[in-house]
Amino acid sequence: MFSDATSSRPAFSAVSFPRLGDDVSAGFEEQARARGHATGYTDGLRAARSEVEARVRRLEADHQAVVGELRAKHERAVAVLAAATRALDDRTVPVLADAHGALAAAALDLAEAVLGYELDDEPRSARAALARALHEVDVDLVRVVRMHPADLALIDAEARARAGVRFTADATLSRGDAITEFPDGYLDARISSALERARAALLRENR
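Reading the sequence shown from the start, the letters are residues 139 to 345 in my numbering.
Next comes the structure, spelled out in C-alpha coordinates:
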(Lines of atoms letter the chains of each structure in order from A and count residues from 1; the text may use other names and numbers.)
(Lines give C-alpha, C1' and ligand atoms only; values in the text may rest on other atoms or scores of the structure.)
Protein backbone atom coordinates (compact mmCIF):
# COMPACT_ATOMS: atom_id res chain seq x y z
CA MET A 1 0.00 0.00 0.00
CA PHE A 2 1.50 3.18 -1.07
CA SER A 3 0.93 6.54 0.61
CA ASP A 4 0.50 9.75 -1.31
CA ALA A 5 3.77 11.58 -1.35
CA THR A 6 2.13 14.90 -1.50
CA SER A 7 0.16 14.35 1.63
CA SER A 8 3.31 13.89 3.63
CA ARG A 9 4.85 17.17 2.55
CA PRO A 10 4.82 19.89 5.19
CA ALA A 11 2.47 22.80 4.57
CA PHE A 12 4.16 26.21 4.03
CA SER A 13 2.51 29.66 4.22
CA ALA A 14 3.74 33.02 2.91
CA VAL A 15 5.55 35.15 5.46
CA SER A 16 5.35 38.91 5.20
CA PHE A 17 8.35 40.86 6.45
CA PRO A 18 8.02 44.51 7.48
CA ARG A 19 9.44 46.99 5.08
CA LEU A 20 11.97 48.63 7.34
CA GLY A 21 13.23 50.86 4.61
CA ASP A 22 9.83 52.45 4.13
CA ASP A 23 9.34 53.18 7.85
CA VAL A 24 12.78 54.70 8.19
CA SER A 25 12.23 56.81 5.15
CA ALA A 26 8.88 57.95 6.47
CA GLY A 27 10.47 58.93 9.78
CA PHE A 28 13.19 60.89 8.07
CA GLU A 29 10.65 62.59 5.89
CA GLU A 30 8.54 63.53 8.91
CA GLN A 31 11.56 64.92 10.69
CA ALA A 32 12.55 66.82 7.59
CA ARG A 33 9.07 68.24 7.29
CA ALA A 34 9.13 69.24 10.98
CA ARG A 35 12.51 70.88 10.58
CA GLY A 36 11.35 72.62 7.45
CA HIS A 37 8.21 73.81 9.21
CA ALA A 38 10.23 75.08 12.18
CA THR A 39 12.71 76.77 9.88
CA GLY A 40 9.91 78.35 7.89
CA TYR A 41 8.17 79.48 11.08
CA THR A 42 11.39 80.99 12.41
CA ASP A 43 12.06 82.71 9.11
CA GLY A 44 8.51 84.01 9.12
CA LEU A 45 8.93 85.38 12.63
CA ARG A 46 12.16 87.08 11.64
CA ALA A 47 10.53 88.59 8.58
CA ALA A 48 7.53 89.74 10.61
CA ARG A 49 9.78 91.25 13.27
CA SER A 50 11.85 93.03 10.65
CA GLU A 51 8.68 94.39 9.09
CA VAL A 52 7.37 95.56 12.47
CA GLU A 53 10.69 97.23 13.31
CA ALA A 54 10.76 98.94 9.93
CA ARG A 55 7.19 100.14 10.44
CA VAL A 56 8.05 101.43 13.92
CA ARG A 57 11.02 103.33 12.49
CA ARG A 58 8.79 104.84 9.80
CA LEU A 59 6.21 105.85 12.41
CA GLU A 60 8.89 107.41 14.61
CA ALA A 61 10.28 109.31 11.65
CA ASP A 62 6.79 110.50 10.73
CA HIS A 63 6.18 111.53 14.35
CA GLN A 64 9.41 113.49 14.51
CA ALA A 65 8.56 115.18 11.23
CA VAL A 66 5.12 116.17 12.52
CA VAL A 67 6.58 117.43 15.82
CA GLY A 68 9.20 119.43 13.95
CA GLU A 69 6.59 120.97 11.70
CA LEU A 70 4.36 121.87 14.65
CA ARG A 71 7.33 123.37 16.51
CA ALA A 72 8.26 125.43 13.47
CA LYS A 73 4.66 126.63 13.11
CA HIS A 74 4.56 127.53 16.81
CA GLU A 75 7.80 129.48 16.57
CA ARG A 76 6.54 131.32 13.50
CA ALA A 77 3.28 132.14 15.27
CA VAL A 78 5.15 133.44 18.34
CA ALA A 79 7.41 135.55 16.13
CA VAL A 80 4.41 137.00 14.28
CA LEU A 81 2.65 137.75 17.58
CA ALA A 82 5.77 139.43 18.98
CA ALA A 83 6.13 141.53 15.85
CA ALA A 84 2.47 142.50 16.00
CA THR A 85 2.84 143.44 19.68
CA ARG A 86 5.87 145.61 18.93
CA ALA A 87 4.06 147.27 16.05
CA LEU A 88 1.06 147.94 18.28
CA ASP A 89 3.30 149.35 21.00
CA ASP A 90 5.06 151.57 18.46
CA ARG A 91 1.71 152.98 17.44
CA THR A 92 0.08 153.06 20.87
CA VAL A 93 2.86 154.36 23.13
CA PRO A 94 3.23 157.75 21.38
CA VAL A 95 -0.54 158.16 21.37
CA LEU A 96 -0.72 157.31 25.06
CA ALA A 97 2.16 159.67 25.79
CA ASP A 98 0.37 162.46 23.94
CA ALA A 99 -2.85 161.63 25.77
CA HIS A 100 -1.07 161.65 29.13
CA GLY A 101 0.55 164.95 28.27
CA ALA A 102 -2.79 166.44 27.31
CA LEU A 103 -4.39 165.13 30.50
CA ALA A 104 -1.54 166.53 32.59
CA ALA A 105 -1.85 169.92 30.93
CA ALA A 106 -5.61 169.88 31.43
CA ALA A 107 -5.17 168.92 35.09
CA LEU A 108 -2.75 171.78 35.64
CA ASP A 109 -5.08 174.21 33.90
CA LEU A 110 -7.91 173.01 36.09
CA ALA A 111 -5.75 173.32 39.20
CA GLU A 112 -4.80 176.87 38.25
CA ALA A 113 -8.45 177.71 37.64
CA VAL A 114 -9.45 176.27 41.02
CA LEU A 115 -6.62 178.15 42.70
CA GLY A 116 -7.67 181.33 40.97
CA TYR A 117 -11.18 180.81 42.28
CA GLU A 118 -9.82 180.17 45.77
CA LEU A 119 -7.64 183.28 45.58
CA ASP A 120 -10.74 185.33 44.92
CA ASP A 121 -11.80 184.41 48.45
CA GLU A 122 -9.11 186.52 50.09
CA PRO A 123 -9.56 185.40 53.73
CA ARG A 124 -9.53 181.75 52.70
CA SER A 125 -6.53 182.36 50.44
CA ALA A 126 -4.61 183.99 53.29
CA ARG A 127 -5.37 181.14 55.69
CA ALA A 128 -4.35 178.60 53.01
CA ALA A 129 -1.04 180.41 52.50
CA LEU A 130 -0.34 180.30 56.23
CA ALA A 131 -1.25 176.60 56.39
CA ARG A 132 1.17 175.80 53.54
CA ALA A 133 3.92 177.86 55.13
CA LEU A 134 3.70 175.92 58.40
CA HIS A 135 2.81 172.46 57.06
CA GLU A 136 4.94 169.82 58.84
CA VAL A 137 7.30 172.51 60.07
CA ASP A 138 9.02 172.68 63.45
CA VAL A 139 8.00 176.19 64.48
CA ASP A 140 10.93 176.40 66.88
CA LEU A 141 13.24 176.44 63.86
CA VAL A 142 11.33 179.12 61.97
CA ARG A 143 12.95 182.55 61.82
CA VAL A 144 10.12 184.33 59.98
CA VAL A 145 7.14 183.73 57.69
CA ARG A 146 6.87 186.22 54.83
CA MET A 147 3.47 186.89 53.26
CA HIS A 148 1.86 189.47 50.99
CA PRO A 149 0.85 192.53 53.06
CA ALA A 150 -2.84 192.21 52.14
CA ASP A 151 -2.88 188.52 53.13
CA LEU A 152 -1.01 189.20 56.35
CA ALA A 153 -3.57 191.87 57.25
CA LEU A 154 -6.29 189.20 57.01
CA ILE A 155 -4.57 186.98 59.61
CA ASP A 156 -5.87 188.14 62.99
CA ALA A 157 -3.73 188.48 66.07
CA GLU A 158 -5.13 185.34 67.68
CA ALA A 159 -4.23 183.18 64.65
CA ARG A 160 -0.73 184.67 64.59
CA ALA A 161 -0.29 183.89 68.27
CA ARG A 162 -1.40 180.29 67.78
CA ALA A 163 1.07 179.92 64.92
CA GLY A 164 3.93 180.71 67.29
CA VAL A 165 6.16 182.31 64.65
CA ARG A 166 7.18 185.79 63.59
CA PHE A 167 5.53 187.27 60.49
CA THR A 168 6.70 189.94 58.08
CA ALA A 169 5.02 191.57 55.09
CA ASP A 170 6.67 191.09 51.69
CA ALA A 171 5.18 193.03 48.78
CA THR A 172 7.28 191.06 46.26
CA LEU A 173 5.08 188.02 46.89
CA SER A 174 1.79 187.45 45.09
CA ARG A 175 -1.53 187.11 46.85
CA GLY A 176 -1.85 183.62 48.34
CA ASP A 177 1.93 183.07 48.50
CA ALA A 178 4.19 182.60 51.50
CA ILE A 179 7.82 181.77 52.26
CA THR A 180 9.07 180.28 55.52
CA GLU A 181 12.66 181.12 56.40
CA PHE A 182 14.96 178.90 58.51
CA PRO A 183 18.51 179.52 59.71
CA ASP A 184 19.84 177.26 56.96
CA GLY A 185 17.25 177.62 54.20
CA TYR A 186 13.65 178.32 53.37
CA LEU A 187 10.35 176.65 52.45
CA ASP A 188 8.84 177.91 49.20
CA ALA A 189 5.08 177.89 49.76
CA ARG A 190 4.26 179.98 46.69
CA ILE A 191 1.42 178.72 44.50
CA SER A 192 3.39 179.30 41.31
CA SER A 193 6.26 177.17 42.63
CA ALA A 194 3.88 174.36 43.59
CA LEU A 195 2.38 174.38 40.10
CA GLU A 196 5.82 174.30 38.50
CA ARG A 197 6.83 171.35 40.67
CA ALA A 198 3.64 169.53 39.71
CA ARG A 199 4.18 170.31 36.03
CA ALA A 200 7.78 169.05 36.15
CA ALA A 201 6.73 165.84 37.90
CA LEU A 202 4.01 165.15 35.34
CA LEU A 203 6.38 165.78 32.47
CA ARG A 204 8.89 163.32 33.94
CA GLU A 205 6.19 160.67 34.21
CA ASN A 206 5.14 161.18 30.59
CA ARG A 207 8.63 160.72 29.15
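Note that the Cβ used here is the ideal one computed from N, Cα and C, for glycine as well.
Beta bridge pairing from DSSP links Leu325 with Thr318.
Excluding residues up to 5 positions away in sequence, Ile317 and Thr318 lie with their Cβ nearer than 8 Å to the Cβ of Tyr324 in the same chain. Annotation note: the stretch 259 to 314 contains the following uninterrupted beta strand (DSSP E) runs of length 3 or greater, listed N- to C-terminal: 282 to 285 and 305 to 307.
Remark: three or more beta-carbon pairs, one from each stretch, lie closer than 8 Å, so the stretch 308 to 316 and the stretch 280 to 287 are flagged as touching. Rounded to whole angstroms, the gap between the alpha carbons of Ala299 and Arg328 is 22 Å. Residues Phe305 and Ala307 of the same chain have their beta carbon placed closer than 7 Å to that of Leu290, with the five preceding and five following residues left out of the count. Apart from the 5 residues on each side of it in sequence, Val282 sits with its Cβ closer than 6 Å to the Cβ of Arg304, Thr306 and Glu319 in its chain, given in chain order. Around the C-beta of Asp294, fewer than 16 other C-beta atoms lie within 10 Å, and the residue is accordingly described as exposed. Note that the C-beta distance between Gly302 and Val275 is not below 8 Å.
In this structure Leu292 touches Glu260 by the C-beta definition: roughly 6 Å separates them, less than 8 Å. Residue burial annotation: Val280 is buried, with at least 16 other C-beta atoms found within 10 angstroms of its C-beta.
Arg173 and Gly182 have their alpha carbons spaced roughly 14 Å apart. Looking at the backbone, the Cα of Glu207 and that of Glu213 are separated by about 10 Å.
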